[in-house]
Each structure stands twice: as structure tokens, then as C-alpha cells.
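Going by this note's numbering, the sequence shown opens with residue 3, and the numbers climb by one from there. These notes are about the structure you will find just below.
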Amino acid sequence: MRGNLRFLVMVFFMVFLITIVSAQEPNLDIRIGKQIYSSGENLTFEVLLIKDNVPINEQVSISISDYSDQKQFSLTLISNKEQNFRIEKNFVSGYWKISATYQNKTVKRFFSIGEREEVDFSIEGDKLIIRNNGNVPYSNTIQILIGDKIINQKQNIDVGEYKEIRLVAPDGNYNIQVTDGIKTISKTNVQLTGTARVIGALDEELIKNQPSLGGVRDTDEDTFLSSKSFSPALILLIAIFAIFILLLIERNMRRKRGHAPNKIMKHYR
3 MRGNLRFLVM VFFMVFLITI VSAQEPNLDI RIGKQIYSSG ENLTFEVLLI
53 KDNVPINEQV SISISDYSDQ KQFSLTLISN KEQNFRIEKN FVSGYWKISA
103 TYQNKTVKRF FSIGEREEVD FSIEGDKLII RNNGNVPYSN TIQILIGDKI
153 INQKQNIDVG EYKEIRLVAP DGNYNIQVTD GIKTISKTNV QLTGTARVIG
203 ALDEELIKNQ PSLGGVRDTD EDTFLSSKSF SPALILLIAI FAIFILLLIE
253 RNMRRKRGHA PNKIMKHYR
């Protein structure tokens, strides 16, 4: 009998403790205005903090980040008040997460930012500058018109990055136009220098390791072999190869001369 009474007392005590703890622990949640946002909009959200069915206004720690945590923002806000967070143009597209922490409790919710492709072309001196102002990598092919020569170049520029391309041509002034099929710019009387026969576009990022020249050779001038653009390294290589052939021929002739007396001696024996 005493054992049953002791068991009932313990059960009652545990239920009482659970009730007290449940009454003391507030409910935490995040309400987001909508699921999909565009660059330039404000993310609207509200941190809901409720205790004993009554909203309470307390300081809550907020974290907003992209899905891979490459860009992260930390805020301290008051609960149960609508908040705005600016979505900048260079925020990457895709899923983002917002988390709220109060005491030892954390909740997390998700929203997404739509894709926005935006590029800016500018010509400064003899350089074409391409800036990716969108929130997705820029991977279009652009056409560069220098005079009457067309150059196609595939681009790969990360969000918020830019690329410089040096325009080269025989000395003179040229009308230049750049387009990717959507955005187009043009500039007249651009002074270009740098090559004797080639019209093209040099990617400045690749010049240090392996120059990448997208262009066309002017066929109205001298032939390739007679022009100044004929590679000195190639001439040196041809000369070395010719010397090697001459040495090989001379060596064979010496061998033949060395064997000739032996053959004569064998004949007289």
C-alpha cells in the first residue's frame, strides 16, 4: 500500500515539474512575408516569442545567410515586431536561411532569392571592362566589333566580379561595338595599338600565364612569313633543326670514309 502511494506521489511530482517547465518555456518562431524575393526588395519577417499564450518583447539574435554560409549577417532585434532586411543586388540567387535564437532555443526558416542577370560594358582607353552586377555567374558569349572585324569571346565572371579585356589592332582609330545579344554599347574613334597584323581582344587575367587572343589576322597586308609578326622563336627552332640535320649527314659521311680502307685491305687479301 505504501509502495503504491509512493509511486503515485512520484508521478504527481513529475507531472507538476513538467507543467512548470512547460509554462516557463516560451514558444519561438519566425514568420516570413513571402517565400520568393527579388534583388532590391526588402525581406519582411517577424520573430514570434510567446509565453503562456502572451506575446513578449525581448531581444532576439538573428542570423541571415545564403545556403552555403558564404555571406552572413548577424542582427539583434526585438521580438513580435515586423522587421525589414534589404536584399542587395549582389546577393546570390537560390535558397537563403534566417534563424532566430532566444536563450537556448533556435528556430530556422527558409526563403529564396530569384535569379537576376545584369551586366555592364564600358570602354576605357583600349580596355573593355565587363562587370557582373547580377546575382548569378555571367557566362554569355559576347561579340566585339573592331572596325569591320568581329570577335567572339565566351565569358565566365562570378557575381560581383569584373574582367578587363585589352583591345589590340594595327595603329589607328576604330569604331567599336560590344554586345551579348541583350545589352549593346558602342564607341567611336577609339585609338588602338599593339600589333602589326592582328585585330583581337586579350584577356588580361590570362596574359601572365598563357595569353588568350581572340581575333583575326589582317590578310590585306604582307604574308605571314614576310611579316614582322613571324615568331623569332620559330626561326631559331628551324635553324637548330637544320644544324642537327647537317651534323647528322656529316657524321654518316665520316663513317663511310672510315669503312672504305678496311674494305680495300680485305679485297687485296
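Ideal Cβ positions, reconstructed from N, Cα and C, are used throughout, including at glycine. None of these values were measured; they are calculated from a predicted model.
Note that the C-beta distance between L169 and I148 is below 9 Å. For the stretch 105 to 176, the continuous beta strand (DSSP E) assignments of 3+ residues that do not extend past its boundaries occur at 107 to 115, 121 to 126, 129 to 134, 143 to 148, 151 to 156 and 164 to 170, in sequence order. Counting only the Cα atoms, S63 lies some 12 Å from I32. For V180 against F123, the beta-carbon gap comes to about 5 Å, under 8 Å, which counts as contact. It is roughly 30 Å from the alpha-carbon of R88 to the alpha-carbon of T186. Between the beta-carbon of N137 and that of R118 there is about 5 Å, and that keeps the pair under the 8 Å contact cut.
Boundaries cannot be given for G35, as no beta strand (DSSP E) includes it and DSSP labels it neither H nor E.
A Cβ-Cβ distance of about 6 Å is found for the pair I153 and G202, placing them in contact under the 8 Å criterion. Contact annotation: K107 and I66 have beta-carbon atoms that are not nearer than 9 Å.
F113 is the residue among R199, F113, D68 and Q74 whose C-alpha sits nearest the C-alpha of K36.
Of the residues G174, I131 and N158, the one whose Cα lies closest to the Cα of S188 is I131.
The residue from L50, E163, R253 and R111 with its alpha-carbon nearest to that of S81 is L50. Here the alpha carbon of K91 sits roughly 21 Å from the alpha carbon of D182.
Taking C-beta atoms as the reference points, V94 and L30 fail to come closer than 9 Å. Taken atom to atom, the span from the alpha-carbon of K165 to that of I159 is near 7 Å. Annotated three-state conformation of F246 is helix, per DSSP. Taking C-beta atoms under 8 Å as the contact rule, I125 and I178 qualify, at a distance of about 6 Å. Assignment of E84 by DSSP, reduced to helix, strand and coil, places it in the strand class. Comparing alpha carbon positions, the residue from Q85, S101, K53 and Q61 closest to D71 is S101. For I52, the enclosing beta strand (DSSP E) stretches over residues N44 to K53. Under the DSSP assignment, G202 falls in the beta strand (DSSP E) whose first and last residues are V200 to D205. In the structure shown, I89 adopts coil according to DSSP, grouped into three states. Taking 8 Å as the upper bound for CB-CB distance, K129 and T143 are not in contact here, some 19 Å apart. The C-beta distance from E60 to Y104 rounds to 7 Å, short enough to meet the 8 Å contact threshold. Within a 10 Å sphere around the beta-carbon of L45 sit 16 or more other beta-carbons, which makes this residue buried. For G42, same chain residues with a beta-carbon under 7 Å away, outside a window of 5 residues either side, are I89 and K91 in chain order.
At a Cβ-Cβ threshold of 9 Å, G174 and Q193 count as neighbours.
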